[in-house]
Structures are given as C-alpha cells and as structure tokens.
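A.B. asks: In my numbering, the protein residues as written are 80 to 161.
C-beta atoms are modelled at their ideal positions from N, C-alpha and C, and glycine is treated no differently.
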Amino acid sequence: GGDLRTSTRENFSSLYEGKLQALDEVYQAYPDKGYKSAGEDRMVGMFKHCNFCLNPRASSIDTPLHSMIDEKHVDHLHPNAV
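This is how it looks when you write it as structure tokens:
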C-alpha cells in the first residue's frame, strides 16, 4: 500500500493486459483452484511475466483482479480493524 495522494506514475506497476488475461487459461488448468488454494498461490509468481516494459514495480495482489472486472473504474475497501 501507499499514499495515493502523493503517488506519481513511478509508484505504480504496469502490466500487459493481454498477458494477464492469458494467465486465466493457466489458472483454469490447475486441479486445485479457488480461494486460498495452491493454484491461486502459484499464480502470484506469474504476474511478473506480465510486466509492461520491464517495469520494476511489483503489482499488488489486487491489480490482476481489477483487470478481470469489465468496468472502467473498480473501487474496493480494506478493513483496518474489526
């Protein structure tokens, strides 16, 4: 996480959307997939193969999810305390 108010372009990761979407085929091939599955864990390491122009910024775990929602803007919340 970071402060979006003071963030600049250099603070964000950039990914090839087509490569990211192609990972869905890889994920679907895993026999163990779903929430907190080994298949889900394996996918995290694949995101670096989707970096745009060797961008050194690591994508957050939310970045791929946002790319798979077919809306112009995606908003979500993280609870700080329960």
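Residues in its own chain within less than 8 Å of Ser-93 by CB, not counting five upstream and five downstream?
C.D. replies: Excluding residues within five positions, the ones whose Cβ falls inside 8 Å are Asn-130, Phe-131, Cys-132, Asn-134, Arg-136.
A.B. asks: Pull up the distance between the alpha-carbon of Ser-86 and that of Ser-138, whole angstroms please.
C.D. replies: Their Cα atoms are separated by approximately 15 Å.
A.B. asks: If you measure between the beta carbons of Lys-127 and Glu-119, is that distance less than 9 Å?
C.D. replies: It is not a contact, given that the beta carbons lie outside the stated cut-off.
A.B. asks: If you check the beta carbons only, do Asp-141 and His-155 fall under 9 Å apart?
C.D. replies: Contact flag set, yes.
A.B. asks: Would you kindly work out how many angstroms separate the C-alpha atoms of Asp-149 and Glu-96, rounded to a whole number?
C.D. replies: Cα to Cα, the separation comes out at about 12 Å.
A.B. asks: Quick one: measure Cβ to Cβ for Leu-144 and Met-122, integer angstroms, because I've assumed they're closer than 8 Å.
C.D. replies: With a Cβ gap of about 11 Å, Leu-144 and Met-122 do not count as contacting.
A.B. asks: I'd like the list of long-range same chain contacts for Ser-146, defined as Cβ closer than 6 Å, with 5 residues on each side in sequence excluded.
C.D. replies: Within the same chain, Ser-146 has close Cβ partners Glu-96, Leu-99.
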